[in-house]
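Asker: What follows is a single structure, and I will ask about it in a moment.
There are 2 protein chains.
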Amino acid sequence: MSLEVMNVSKYYKDKTALNQATVTFKPNTIYGLLGRNGAGKSTLLNIIANRSIPSEGSVDLNSTSVLNNEVLLNQIYLMSEDNLFPSSMKIKDMFRISEGFYGSFDWDFAKKMADSFELNTKQTFKKLSTGYRSIAKLITALCVPCDYIFLDEPVLGLDATHRELFYTFLIETYEERNRTFVISTHLIEEIATLLEHVVIIEQGEVKVDQETESLLRQHFALSGPKNEVLDFASQYTVIGSESLGDYCTAYLSGDMPNSVPNSLSIQPINLQQYFVQLTKRK
Amino acid sequence: MSLEVMNVSKYYKDKTALNQATVTFKPNTIYGLLGRNGAGKSTLLNIIANRSIPSEGSVDLNSTSVLNNEVLLNQIYLMSEDNLFPSSMKIKDMFRISEGFYGSFDWDFAKKMADSFELNTKQTFKKLSTGYRSIAKLITALCVPCDYIFLDEPVLGLDATHRELFYTFLIETYEERNRTFVISTHLIEEIATLLEHVVIIEQGEVKVDQETESLLRQHFALSGPKNEVLDFASQYTVIGSESLGDYCTAYLSGDMPNSVPNSLSIQPINLQQYFVQLTKRK
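Those protein sequence lines, which keep their order, are chains A and B.
Position one of the first sequence corresponds to residue 1 (the UniProt record's numbering), numbered consecutively onward.
Position one of the second sequence corresponds to residue 1 (the UniProt record's numbering), numbered consecutively onward.
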C-alpha cells in the first residue's frame, strides 16, 4: 500500500514548477522531502493532497488514483501554511472537526501535547502567535488516523525548546503506531537523525531518492592543497567544492577510500552539507 | 536619538501579554530580541510600530511619544508576518509604494538582493512560496530609509543558503549606512555573531538587556560529578542545570574561575545555550 507519484508535472504560464516528478512513499517510513526555496516541494505536496491538479501524471495510493477519491484521500493528511479552518474557530473545535472528517482522533495524545506545549485549546486560532499556530496544526496532524502524514515546514516559528519537543512527540507517536511521515523542512541538521529516507527536489525535478544511511555512507569530504585534492578527486564524482586560497574541500560521491596521501584528509559529511553542495546554484 | 520603550504593558481579557516592559534601543546597533513562543515579542514590536496600542506605558523616539506621530513613525519600520499590501500586488509595486511612503528607497541594493535571491519582482506576492514572501519583505525592510528597522522572524521559511545570503546582505547594508536593526528570531545560533546587544523577554517581562559579549563573558558551564558540581556552584548564581545519571552540567552566572578541581571542567557557553537555560519552564 505505497503512495506513488508518477511523472507528475505542473506548468504555470511562465514557469514549470514540477517536471516529471516520480517518487514512491512506502508505508511506515519517515521521509525527509528537501529542497531549496522555490524548488517545487509545496507544489508536489499540494498535488498529493488533491489541493492542486497536476498538469500531467498521477498520484496513486494502493495502485488507484487518489484524484477526487474521497476514501483514499482520507488516508492522506497535509499540514501546510494554509489554514483550512475559519480563523475564528477554537483549537478544540479544529480537533473535533478533524475527528468528524477522518473518522477518529487521538484525544489523549492531543491533550498530552497541548499540555506540554502550554497551548490553551479554548483559544481561537487567530489569537495565537505564529509559533502557536504551528503547534495547533502539528497536534492535529499527529492525532488524525491517516496512514500518510505530510508536514510542510512543521516547525515554522517554533522556538528551539518547542522544536525539540515536537521531534520527541513525533518519535513517540511513530513508535506507537507506525505510519508514513513526509517532512519538508529547511532546518535539516536538527531533523536529520529522524529521517530514514531522503527525497531531494531541485528545480522541479527529483534529484535524490535514497535511504539516509546509504546516502551518507556514499559521500565524503576531501580536504587539502587544491592541486592534490583535484588530482585525487578525479576518480570520483564531484558534487561540490569550496576553496579558501590554496586550500580546498571537495565533496565526493563514492566509497570512502581506506587511506589518502598524508597531505589530504577525509571526513564523512552530514545531510545538511550534502544538501547545500548538491543544490548550489551558479 | 534613542527609541525608548517605557513601562509598556498590554492586557487582554484573560492574559497579560506584556508587563511593564522597559528597554532602550540605541542608534546604530544590531539587537537580538529573543523570547520563547508566546513570550510577548510580537506584541512589543506591534506596539513600537503603532499597530497596537499599549494598555499602559509609552514608546518615545527622541524623547517624544511616537503615538500617532507620523513624522516619528516614519523612522520606524516593522517587517512581520503581516502583509501590509494587497496580495495581488506585484513585488516591484510594493517597493514603489514603500518609496512613496518613506520618502526614498535603495533601488540599487534592492536589485542586487533580488538578483542574488533569484526573486522575480514582476511576480505578485500571492504567487510566491513562503520563503520567497519572506525574501520580498526582507528586501523592502533593508531598502527603506528608516533609522529603526524591526525584523520579526525575518528568515521564516528560508533555506540554509538563503539565510546565509540574508545575513551577508544585512552586514553589507549596515556597514554602508549605520542604523538600528532589532531582529527577533528562533534561530539564535546562526545569528548570534551578528548581535551586538541582546534583549530577552520571558512571559511579558524584559529579563535581559545586555551587550552580547559581556553577557557571554559572565556565564559559563561547569560539568562533573553531581555533588561536586553543586558544591562548587554554590558560590555562583545557577541559571540552569542538566543531569544524566550522576553526571551534571550547571550553567552559572559570574566570572569564570581560573581553575577548578580536577574532577570538574568549565566551558564558555554560547547564546543559544544561555537562552534555553534561562527560559526553561517547569
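Beta carbons are placed, not taken as given, at the ideal position from N, Cα and C, and that holds for glycine.
This one's a predicted model, so the numbers in the text were calculated from it and none came from an experiment.
1. When you compare each of B/LYS137, B/LEU73, B/ASN50 and B/ASN74 to B/LYS92 by their alpha carbons, which one comes out closest?
2. Between B/GLY103 and chain A, is the shortest Cβ-Cβ distance under 8 Å, so that the two count as touching?
3. Starting from the N-terminal side, write out each stretch of the alpha helix (DSSP H) that is 4 residues or longer and does not extend beyond the stretch 77 to 121 of chain A.
4. Where DSSP assigns a beta bridge to A/CYS143, which residues make up the other side?
5. So, helix, strand or coil for A/ILE191, using DSSP?
6. With a Cβ-Cβ cutoff of 8 Å, do B/SER223 and B/SER265 count as a contact?
7. Can you look up A/SER52 in the DSSP assignment and give me helix, strand or coil?
8. Quick check: B/THR140 and B/LYS90, are their CB atoms within less than 8 Å of each other?
9. Use the C-beta contact count for B/ASN46: other C-beta atoms within 10 angstroms, 16 or more gives buried, fewer gives exposed.
10. At what residue ranges does the stretch 208 to 251 of chain B contain a whole run of the beta strand (DSSP E), taking only runs of 3 or more?
11. Could you please give me the residues that DSSP links to residue 321 of chain A through a beta bridge?
12. If I'm right that B/VAL8 touches B/ALA17 with Cβ under 8 Å, what's the distance once you round it to whole angstroms?
13. Report yes or no: is there a C-beta of chain B within less than 8 Å of the C-beta of A/TYR251?
14. Ordered along the chain, which non-local residues of its own chain (more than five positions away) have a Cβ less than 7 Å from that of B/PRO268?
15. From the DSSP output, read off the bridge partner residues of B/VAL260.
16. Any C-beta of chain A sitting closer than 8 Å to the C-beta of B/ALA160?
17. When the Cα atoms are used, what is the spatial distance from A/SER63 to A/ILE97?
18. Terminal residues of the continuous alpha helix (DSSP H) containing A/THR173?
19. Put B/ASN19 into one of helix, strand or coil per three-state DSSP.
20. So if DSSP puts B/PHE25 in a beta bridge, which residue, or which two residues, is it bridged to?
21. Should B/LEU247 be labelled buried (16 or more other beta-carbon atoms within 10 Å of its own) or exposed?
22. Okay, do the stretch 68 to 80 of chain A and the stretch 153 to 162 of chain B touch, 3+ Cβ pairs below 8 Å being the bar?
23. Rounded to a whole number of angstroms, what is the C-alpha to C-alpha distance between A/PHE169 and A/MET113?
24. Start and end of the beta strand (DSSP E) containing A/GLN267?
25. What are the residues of the stretch 250 to 272 of chain B that lie near chain A, defined by any Cβ-Cβ distance shorter than 9 Å?
26. Using the DSSP secondary-structure output, state which residues sit across from A/LEU156 in a beta bridge.
27. Hey, A/CYS143 and A/ASP106: beta-carbon distance below 8 Å or not?
28. With a cut-off of 8 Å, do at least 3 Cβ pairs link the stretch 31 to 44 of chain B to the stretch 226 to 233 of chain B?
29. Considering Cα atoms alone, identify which of B/PHE275, B/LEU33 and B/SER2 is closest to B/ILE76.
30. Identify the residues that DSSP records as bridge partners of B/ASP60: which are they?
31. Can you pull the chain E neighbours of B/VAL276, defined as C-beta to C-beta under 7 Å?
32. Given B/ARG177, which residues of its chain have a CB within under 8 Å of its CB, disregarding the five upstream and five downstream residues?
33. Using a Cβ-Cβ distance under 8 Å, would A/GLU196 count as near chain B?
34. Using the beta-carbon of each residue, which ones in chain B are nearer than 7 Å to A/GLU153?
35. Does chain A have any CB closer than 8 Å to the CB of B/SER42?
36. Closer than 8 Å, Cβ to Cβ, to anything on chain A: give me those residues from the stretch 85 to 99 of chain B, in chain order.
Answerer: The answer reads as follows:
1. B/LYS137
2. no
3. 91 to 102 and 107 to 117
4. For A/CYS143, which the question treats as bridged, DSSP gives no partner whatsoever.
5. helix
6. yes
7. coil
8. no
9. buried
10. 219 to 225 and 237 to 244
11. Limits of chain A in this structure are 1 at one end and 282 at the other, which puts residue 321 of chain A out of reach.
12. Their Cβ separation, rounded to whole angstroms, is 10 Å, which puts B/VAL8 and B/ALA17 out of contact at 8 Å.
13. no
14. LEU216 and PHE220
15. The partner list for B/VAL260 (beta bridge, DSSP) is empty, contrary to what the question assumes.
16. yes
17. 29 Å
18. 160 to 176
19. strand
20. B/LEU3
21. Looking at the sequence shown, residue 247 of chain B is not Leu but Tyr. With fewer than 16 Cβ atoms within 10 Å of its Cβ, B/TYR247 is classed as exposed.
22. no
23. 8 Å
24. 265 to 268
25. GLN272
26. According to DSSP, A/LEU156 bridges with nothing at all.
27. yes
28. no
29. B/SER2
30. B/GLU4 and B/SER65
31. Absence of chain E from the displayed structure is noted, the protein chains being A and B.
32. none
33. no
34. THR130 and GLY157
35. yes
36. none
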